[in-house]
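Engineer:
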Amino acid sequence: MKNKLEIAQNWLPRYTGADIDDLGDYILLTNFGNYVNKFAERFRCDITGEGRAMQSSTNSAGLSIINFGMGSPNAATIMDLLVARSPKGVLFLGKCGGLKKSTEIGHFILPIAAIRGEGTSNDYLPTEVPALPSFKLHKFVSNTIIDFGQEYRTGVIYTTNRRVWEWDEEFKDYLKRLTPIGIDMETATVFIVGHANKIARGALLLVSDLPFLPEGIKTEESDKHVTANYVDMHLDIGIKAMSEIGKKGEPIKHFGY
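Below, the structure written as structure tokens:
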């Protein structure tokens, strides 16, 4: 294997258990196994990759979902491996902590950009390059959210490699100065590595906790509440958007550099 494409062609099936041609033109990404389980149950399709690093499922219409695991290195890995498939669009369905009074648990956020606090993306493009979604993909996702009668917020997400930071007052003061609407561990990486690999990408984030408040920090019990009340809608919106964008959305073009 002498180049990136050859490596990705070998490793994508190894990581996911799925043949490259079995993955769809449009792909949902998540870092929660229950999203893949719900997808497979809904469409009565198989789950591949159980026991491997990543699990995936593809319905009869050619829409795929992949659970890539948690954190920015895993997000970079799947966005690198997807060059083997060259999908027409990728949408990350993730969860985030809400950092503004305007965000409440259960709200959706459609990020306009992400701050590259995770460091992983620095291996792909200089720090001056902003982490942005593909506009036309987000435009269609926005219309889909409205079709479901849901409200959403827009703003900048801060992406970090730190999972346990809620105790750190200095870091929280730093976040307040940056004014992001939410915080997660993957969005900036998905945007930057997608940009580097010329993959159209977006993110629809579900506010799952309010980490600036002691009572808002995520617990096992609060996560069960979020899963029971909001995850189905999150997945529904993602499925509808990525199932219909090829037919109803504006063409997403990749420009050379």
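Residues -16 to 240 in our numbering are what the sequence shown spells out, letter by letter. Beta carbons: idealized from backbone N, C-alpha and C, even for Gly. Since this is a predicted model, take the numbers as computed values, not measurements.
Distance check for Q38 and Y240, CA to CA, integer angstroms please.
Structural biologist: Because Y240 sits at a pLDDT of 40, beneath the cut-off of 50, its placement in the model cannot be relied upon, and the point is left open.
Engineer: Is it buried or exposed, Y157, if we count other Cβ atoms within 10 angstroms and call 16 or more buried?
Structural biologist: With fewer than 16 Cβ atoms within 10 Å of its Cβ, Y157 is classed as exposed.
Engineer: Label R(-3) either buried or exposed according to how many other C-beta atoms from any shown protein chain fall within 10 Å of its C-beta, with 16 as the threshold for buried.
Structural biologist: Per the 10 Å Cβ criterion, exposed.
Engineer: Taking only the alpha-carbon atoms, compute the straight-line gap between Y257 and E227 and give it to the nearest angstrom.
Structural biologist: Because the chain spans -16 through 240 in this model, residue 257 falls outside it and cannot be assessed.
Engineer: I need the straight-line Cα distance from F238 to K181, nearest angstrom please.
Structural biologist: Low local confidence applies: a pLDDT of 48 at F238 is under 50, so the model's placement there is unreliable, and no value is given.
Engineer: Could you check the C-alpha separation between G100 and T110 for me, to the nearest Å?
Structural biologist: Computed Cα separation, rounded: 10 Å.
Engineer: Excluding sequence positions up to five away, which residues of its chain have a Cβ less than 6 Å from the Cβ of P194?
Structural biologist: Same-chain partners within the cutoff: G80, E149, I200.
Engineer: Measure the C-alpha to C-alpha separation of A44 and L187 and round it to an integer number of angstroms.
Structural biologist: Straight-line Cα distance between these residues: approximately 22 Å.
Engineer: What separation, rounded to the nearest whole angstrom, lies between the Cα atoms of G72 and L115?
Structural biologist: Distance between the alpha carbons of G72 and L115: 14 Å.
Engineer: Taking only beta-carbon atoms, is D2 less than 8 Å away from chain D?
Structural biologist: Among the protein chains of the structure shown there is no chain D, as only one such chain exists.
Engineer: For F22 and I98, I'd like the C-alpha separation in whole angstroms.
Structural biologist: Rounded to whole angstroms, F22 to I98 spans 30 Å at the Cα level.
Engineer: When the Cα of L(-5) is compared with those of N126, H178, L64, K207, which residue comes out closest?
Structural biologist: If we check each option's Cα against that of L(-5), L64 comes out closest.
Engineer: In the DSSP assignment, the beta strand (DSSP E) including A96 goes from what residue to what residue?
Structural biologist: Segment 91 to 100, the beta strand (DSSP E) holding A96.
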